[in-house]
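Some notes on the structure that comes next.
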Amino acid sequence: MGDAPASPDLRSICIIGAGPAGLVAAKTFLRTGRCRVTVYEKSHRLGGIWALDEDSTGGFLHPRTPTNLSRFSVGFSDLAWSSVDIGSHAKGKLPMFPKAWQAGKYLVEYRRRYLPGEVIKYGMRVSKAEKCKQLAIGSKECWRVTAIDADGREERAGFDHLVVATGFFAKPRPLQHSVDVQGQVDSLSMLHSSQYRSLQELLPPSSQSLAGKKILLIGGGNSAGEAAATIASHLSNAQWSNDTTQQKAFEGCRVVHSTPRPIYALPPFTPANENSTIFMPLDFNFYDLSRRLPGPITGNAGRVPETVKEMLHGVLRKTIGGDQSDLGADALVAPQGTERGTVQVALAETYAEFVRSGLIEVRAGRVASIFERDGRVVATMSHGGTSTEIEDIGAVVYATGYSPSSALDMLHPQVKEALHYDETSMRLPLILEQWQTMSKAVPNLAFIGFYEGPYWGVMEMQARLVAQHWLNDQEVFTKPYEEAEAMLDLRKAMQDRTLDVPQYWFGDYAGYMEEIASVLELQRNDGDFQECSGAVSAARYLADSDDRTEADATMHDLYDTWQSCTETGKYTARAAFRTLQGNWDVHRRITSHNTTYPSGVLTGNASFQFRSPTDAAFDLEYLYAESGTFTLANGATMNASRRYVYRYSEAQDRLSVWFVKPAHDLEVDYLFHDLTFAPPAEADDAGHHFAKADHLCVKDMYWTEYRLPIKGIALHSFQVEHKVKGPDKDYVSFTDYRRPEKSAV
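Under the numbering used here, the first residue of the sequence shown is numbered 10, with each subsequent residue one higher.
See the structure below:
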């Protein structure tokens with residue numbers, strides 16, 4: 010192909026990148042029947058960061074990393090997750106939060122359905138995209154694109170329009186950009202959080218042990234909280250698995266998390282009502298349309314007013330069940346008044362309880378330098394004008410963000426200048442309009458998904474919007490929050506680290522979906538929901554020409570899930586399982602009505618220790634370890650201990666308890682009981698969650714009840730009662746569990 014598009018009858022569209030943004034853009038343009046589309050993808054497979062198989066080792070993500078949002082937010086309007094074959098791993102049920110490799114399979118199926126094979130050119134890196142004059146159509150501008158294959162061969166082609174869909178998080182930001190790393194520091198491993206996969210990667214070159222060492226985690230955002238929790242979970246698993254080599258290599262090792270700001274750690278399922286008796290996927294709660302003000306829903310972006318900032322802190326504290334001071338870490342407690350910044354969230358299910366247990370130690374401040382002294386690695390931190398040191402560092406993992414600049418290398422400097430490009434701005438390198446898609450200065454250039462934390466639904470809306478504007482030769486328009494002056498002011502505020510800059514400056518998912526749908530005059534597809542109720546999904550907004558089959562399947566699935574949560578308590582077991590993690594003080598009273606089985610009182614402690622599931626049928630697992638002193642009714646005392654394994658299965662939405670083998674108390678033996686949780690209405694009446702189980706153990710019958718007064722996502726105490734009857738047993742065991750007192754440090 011030459012420098013000009015081949016045919017004036019069809020618009021030629023060049024798309025750079027075959028991740029979610031590039032694929033949905035290609036499908037959108039092709040569906041119009043008025044475009045010829047070419048997608049250049051530098052790798053040899055589609056998917057972007059989701060280009061993974063189940064066993065991939067070199068990707069941007071670990072293949073088993075779950076999505077941050079549910080499958081109803083990670084998907085497009087015209088492909089339901091129920092139509093994607095993700096193999097036997099689903100166990101007959103779709104995962105609510107798909108794994109990264111499953112998101113990859115979704116995108117492969119999406120391409121198979123909607124994009125002809127010749128549309129994507131794999132292994133082609135776009136090195137230049139230059140504006141030129143399309144002589145055949147007078148003075149209209151076009152693009153001359155140069156792409157290079159793996160052997161260095163160049164291909165040049167001309168296009169009417171250019172779409173950049175490379176992804177915003179193009180390249181991990183080097184640690185040296187924010188921390189003074191002095192010398193070589195050869196005695197430890199240092200890697201970006203996106204590169205971390207296992208503890209073995211943190212072992213120093215000269216040793217196979219991190220025993221007694223600290224793993225320094227640097228960063229104050231979502232990825233930092235995720236990474237800290239992931240590493241802590243691996244350390245916990247190392248200590249409570251059967252692998253004695255792992256136990257020794259990481260004995261006494263812990264994570265020290267350095268964060269410049271407090272973060273709220275949220276699990277994937279959060280309470281949806283005042284009494285915390287209904288739990289839903291967190292995006293159901295975040296993006297519930299009924300929580301918006303009456304009238305047309307509009308979006309917001311940019312700096313956060315003080316009143317909104319305080320409101321959001323209140324919402325998060327209510328969700329969490331407090332201000333996090335009970336975790337014993339001052340660094341996680343947001344200050345009051347003018348020193349309080351915007352809400353910062355980490356979607357990390359286990360983070361909070363690892364902090365409470367001490368496996369994660371949180372330090373407030375920024376790491377200034379890392380150096381070696383007397384054969385030991387030391388880091389200096391600054392906070393509030395004071396400097397402190399962290400000693401005995403065995404490894405460093407940094408979650409210091411990404412640089413988007415390399416994703417824009419192909420653009421000519423004049424194009425970048427027209428877009429107010431700033432290479433030093435990691436968060437807002439370009440000033441764009443029209444929901445971050447275009448600029449009046451370069452009207453035949455568009456960006457899809459090129460902002461922090463892009464949503465798949467917004468990418469689809471952006472693609473629809475750009476297609477309509479280009480094919481109808483419409484003018485680019487500007488939202489008030491995208492005025493150049495406001496955007497440049499926001500960029501400066503980011504660089505100055507002012508306290509009113511939000512974690513995600515363009516994060517009003519529901520607002521943007523509703524606004525763009527209104528501009529495009531899309532039809533609402535609310536299914537069984539009322540118009541302004543239920544969670545946002547791309548499937549709720551359709552064009553006249555869209556095939557409704559897939560969208561209707563998604564909306565049916567969404568409504569069914571919503572009703573199951575509100576009426577039968579779906580995911581209550583998952584939420585309850587999370588609240589058990591960590592350490593407890595135990596007080597148990599046994600009242601026996603049979604002289605052959607003694608009465609007495611046990612006082613001691615117990616812990617629910619997180620570890621990897623020892624059976625693939627389960628998704629989550631704790632080893633329960635209890636020890637204490639049992640005092641008989643006659644005053645005699647004895648040491649007592651017991652262990653169980655607690656498991657959760659998402660496919661069954663069930664929490665179960667298992668006996669361990671007497672001679673191998675880290676290994677599961679057989680089932681003790683499955684817990685059945687009461688539905689929300691009964692939990693409301695009781696004033697707390699409760700679950701029941703029964704179990705015949707040889708000749709003895711056990712009737713069990715758990716009482717769990719969950720507040721937000723927190724559990725500060727709970728009770729377990731066993732009623733036991735058999736030939737030689739007739740007793741009631743009542744155990745009260747309470748969190749140990751913690752003081753903030």
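Ideal Cβ positions, reconstructed from N, Cα and C, are used throughout, including at glycine.
On the criterion of 16 or more Cβ atoms from any shown chain inside 10 Å, does residue i qualify as buried, or is it exposed?
i, result
"G68", "buried"
"Y679", "exposed"
"H698", "buried"
"G346", "exposed"
"F686", "buried"
"K114", "buried"
"F486", "exposed"
"P277", "buried"
"D87", "buried"
"F38", "buried"
"L225", "buried"
Going by C-alpha to C-alpha distance, which of the options sits closest to residue i?
i, options, result
"D297", "S82, G229 and V669", "S82"
"G230", "A634, P511, H478 and S366", "P511"
"G161", "V154, S136, S650 and F278", "S136"
"V666", "G637, R597, F459 and L589", "L589"
"L341", "T359, V371 and A355", "V371"
"G696", "L629, P688 and Y115", "P688"
"V741", "S601, G520 and F380", "S601"
"G261", "E348, I402 and E164", "I402"
"L356", "L219, L103, T563 and L325", "L325"
"V677", "D683, L684 and V669", "V669"
"E63", "L184, S91 and Q111", "Q111"
"A552", "I129, R473, E426 and A615", "R473"
"H673", "I157, W249, S546 and E118", "W249"
"P314", "Y119, V352, R120 and D694", "V352"
"L78", "R587, S546 and D561", "S546"
Please return the same chain residues whose Cβ sits closer than 8 Å to the Cβ of residue i, not counting the five positions on each side in sequence.
i, result
"Q728", "Y715, R716, F743, T744, D745 and Y746"
"I58", "G28, G68, F69, L70, A109, G176 and F178"
Straight-line CA distance for residue i to residue j?
i, j, result
"D517", "A584", "26 Å"
"E398", "T279", "37 Å"
"P671", "L368", "28 Å"
"F639", "A649", "6 Å"
"R80", "T433", "35 Å"
"D594", "V610", "14 Å"
"G147", "D18", "Any reading at G147 needs caution, since the residue's pLDDT is 42, under 50, leaving its predicted position unreliable; the model's value is listed next. Distance between the alpha carbons of G147 and D18 is about 15 Å."
"R20", "G84", "27 Å"
"S334", "S396", "23 Å"
"C23", "F168", "6 Å"
"T389", "A450", "46 Å"
"S65", "F515", "32 Å"
"M447", "Y464", "17 Å"
"S245", "S216", "21 Å"
"L144", "A274", "A caution first: L144 carries a pLDDT of 40, below 50, which makes its placement in the model too unreliable to give a value."
"R748", "R557", "51 Å"
"S527", "A233", "37 Å"
"P718", "V707", "32 Å"
"S554", "A89", "18 Å"
"E494", "V317", "22 Å"
"V354", "K738", "50 Å"
"Y513", "L499", "12 Å"
"N385", "G228", "This sequence places Arg at residue 385; Asn is not what is there. Going from the Cα of R385 to the Cα of G228 covers about 22 Å."
"M133", "A159", "7 Å"
Which residues in the same chain have their Cβ closer than 6 Å to the Cβ of residue i, if we skip the five residues on either side of it in sequence?
i, result
"A692", "T286 and H698"
"H429", "I440"
Quick one: what's got a C-beta closer than 7 Å to residue i's C-beta in the same chain, skipping five residues either side?
i, result
"S391", "G374, R375 and A377"
"K223", "R263, V265, I399, D401, I402 and G403"
"M468", "P29, A30, V33, I457 and G458"
"G520", "I306, T307, G308 and N309"
"K732", "W712 and V741"
"D683", "R663, S665 and A702"
"K36", "Y123 and L124"
"I599", "S608, G609, Y740 and S742"
"T623", "E630 and V677"
At least 3 beta-carbon pairs within less than 8 Å: the segment 252–260 vs the segment 287–303: no
Given 8 Å, three or more beta-carbon pairs between the segment 435–442 and the segment 204–219: no
Validate contact between the segment 306–317 and the segment 379–390 using beta carbons, cut 8 Å, 3 pairs: no
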